[in-house]
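Trainee: Protein chains in written order, with this note's numbering: chain A, 1 to 103; chain B, 104 to 206.
Built from N, CA and C at the ideal position, the CB exists for glycine as well.
Remember, predicted model here, so these are calculated numbers, not experimental data.
A single structure is presented below for examination.
Number of protein chains: 2
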Amino acid sequence: MRDVHHPSREEIDLANVLHALSDPLRLEIVDILAETGEHNCSSLGNGSISKSTLSHHLKVLREAGITWTRVEGTQRLVTLRSDDLGERFPGLIESVLSATKVV
Amino acid sequence: MRDVHHPSREEIDLANVLHALSDPLRLEIVDILAETGEHNCSSLGNGSISKSTLSHHLKVLREAGITWTRVEGTQRLVTLRSDDLGERFPGLIESVLSATKVV
DNA sequence: TCGGTAGTTCGTCAGGAGTCGAACGAAGGG
DNA sequence: CCCTTCGTTCGACTCCTGACGAACTACCGA
């Protein structure tokens, strides 16, 4: 549990990324991370979801290569992997994020 | 069967679109449509898939608002709904399509 | 009118995904 | 040391999804 697995930049797969982003809650999490930077896990829950479910969604995002998680004491601090994402799929995450702003 | 249902532009939902694009076969179909324009259904199969499965995937794309299907005689002619997609989520489909070109 | 061609729909099946509570593990503070 | 906090992991459950063949519908051509 000490080490958290992340895919390498080359391993980031488009279909996986799109699947990870196709869930409303995960989309909301990504949006929050893009707007307000690093968060710990519990501050990303919307209140109505159990921590095991939240942990599951964060794992999906991490393993798709969308987020980066670092361990700090008892917390996991999560950020967007904008750099790798932008290198691998230029403009993708930006257009998805701006699409979340659409009514 | 005569009329084919399509969502209105306003009904196109981001999470649905991303989900529809998160399948490798559907991503391939969208890519083909973007590259070479209108196709009938059978010309979109990769050979190793049954026509009922293909019909299912095309339905997913159509109901997500990604493709438009028109009836012509005994055929269904499928195109990308680039205009509506571009209006609703600017840049999204373009960045996804360019991402499919990445090694 | 009789086939043939093009797709859809139906029933079924296996596997995947989201959800939860409970149990667990790691750090840190009294 | 114990206990709390933070998060992961583990079943278990349900619902969704992709896959198929078979039956069906619609149109066209001979």
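Using CA atoms only, rank isn't needed, just tell me which of A:Trp68, A:Leu80, A:Leu61 is closest to Asn16 of chain A.
Mentor: On the first sequence, position 16 is the one that residue 16 of chain A refers to. Minimum Cα distance to Asn16 of chain A is reached at A:Leu61.
Trainee: To the nearest whole angstrom, what separates the beta carbons of Leu21 of chain A and Leu121 of chain B, a pair I think is in contact under 8 Å?
Mentor: Counting from one through the first sequence, the residue named residue 21 of chain A turns up at place 21. Counting from one through the second sequence, the residue named residue 121 of chain B turns up at place 18. The pair is a contact, with the Cβ atoms about 5 Å apart (cut-off 8 Å).
Trainee: Among the candidates B:Ser146, B:Val174, B:Val133, whose CA atom is the shortest distance from the CA of Ile196 of chain B?
Mentor: For the purposes of this step, residue 196 of chain B is taken as residue 93 along the second sequence, with counting starting at 1. When only C-alpha atoms are compared, the closest one is B:Val133.
Trainee: Taking Gly37 of chain A as the reference, which of A:Lys51, A:Ile12, A:Trp68 has the closest Cα?
Mentor: For this step, residue 37 of chain A is matched to residue 37 along the first sequence. Comparing Cα-Cα distances from Gly37 of chain A to each of A:Lys51, A:Ile12, A:Trp68, the minimum goes to A:Trp68.
Trainee: Quick check: Asp187 of chain B and Arg129 of chain B, are their CB atoms within less than 9 Å of each other?
Mentor: Working through the second sequence from its first residue, we reach residue 187 of chain B at position 84. Working through the second sequence from its first residue, we reach residue 129 of chain B at position 26. No. Outside cutoff.
Trainee: Note down, in chain order, every chain A residue with its Cβ under 7 Å from the Cβ of Leu124 of chain B.
Mentor: The sequence position of residue 124 of chain B within the second sequence is 21, counting from 1. Correct list: Leu18.
Trainee: Looking at the unbroken beta strand (DSSP E) that takes in Thr182 of chain B, where does it start and where does it end?
Mentor: On the second sequence, position 79 is the one that residue 182 of chain B refers to. Start and end: 178 to 183.
Trainee: Where Val181 of chain B and Pro193 of chain B are concerned, what is the direct C-alpha to C-alpha distance, given to the nearest angstrom?
Mentor: On the second sequence, residue 181 of chain B is found 78 positions in, with the first residue counted as 1. On the second sequence, residue 193 of chain B is found 90 positions in, with the first residue counted as 1. Roughly 21 Å separates the two Cα atoms.
Trainee: From which residue to which residue does the alpha helix (DSSP H) around Glu35 of chain A run?
Mentor: On the first sequence, residue 35 of chain A is found 35 positions in, with the first residue counted as 1. Unbroken alpha helix (DSSP H) run through Glu35 of chain A: 24 to 36.
Trainee: Anything in chain A within Cβ reach of Ser198 of chain B, meaning under 9 Å, just list it in chain order.
Mentor: Residue 198 of chain B sits at position 95 when you count from the first residue of the second sequence. Phe89, Pro90, Gly91, Leu92, Ile93, Glu94, Ser95, Val96, listed in chain order.
Trainee: Tell me the rounded alpha-carbon separation between Gly45 of chain A and Glu87 of chain A.
Mentor: Here residue 45 of chain A refers to the residue found at position 45 of the first sequence. Here residue 87 of chain A refers to the residue found at position 87 of the first sequence. So the alpha carbons of these two residues sit roughly 29 Å apart.
Trainee: Listing by chain order, which chain A residues have their CB less than 7 Å from the CB of Pro127 of chain B?
Mentor: Position 24 of the second sequence, counted from the first residue, corresponds to residue 127 of chain B. By Cβ distance, chain A contributes Ala15.
Trainee: Between which two residues does the beta strand (DSSP E) carrying Arg173 of chain B extend?
Mentor: As a working mapping, residue 173 of chain B is identified with position 70 in the second sequence. It spans 170 to 175 - the beta strand (DSSP E) in which Arg173 of chain B sits, taken as one unbroken run.
Trainee: So, helix, strand or coil for Asn40 of chain A, using DSSP?
Mentor: Looking up residue 40 of chain A in the first sequence gives position 40. If DSSP states are grouped into helix, strand and coil, Asn40 of chain A belongs with the strands.
Trainee: What does Leu130 of chain B reach in chain A if we use C-beta pairs closer than 9 Å?
Mentor: Residue numbering aside, residue 130 of chain B sits at position 27 when the second sequence is read from its first letter. Correct list: Leu14, Ala15, Leu18.
Trainee: Run through DSSP, which three-state label would Val101 of chain A get?
Mentor: For the purposes of this step, residue 101 of chain A is identified with residue 101 of the first sequence, where counting begins at 1. A small correction: the amino acid at residue 101 of chain A is Lys; Val does not occupy that position in the sequence shown. Coil, per DSSP.
Trainee: Could you compute how far the alpha carbon of Ala64 of chain A sits from the alpha carbon of His6 of chain A?
Mentor: Reading the first sequence from its first residue, position 64 is the one you call residue 64 of chain A. Reading the first sequence from its first residue, position 6 is the one you call residue 6 of chain A. Using only the alpha carbons, I get a separation of about 8 Å.
Trainee: Output yes if chain A places a C-beta closer than 9 Å to the C-beta of Ala137 of chain B; else output no.
Mentor: As a working mapping, residue 137 of chain B is identified with position 34 in the second sequence. False, the Cβ-Cβ gap to chain A never drops below 9 Å.
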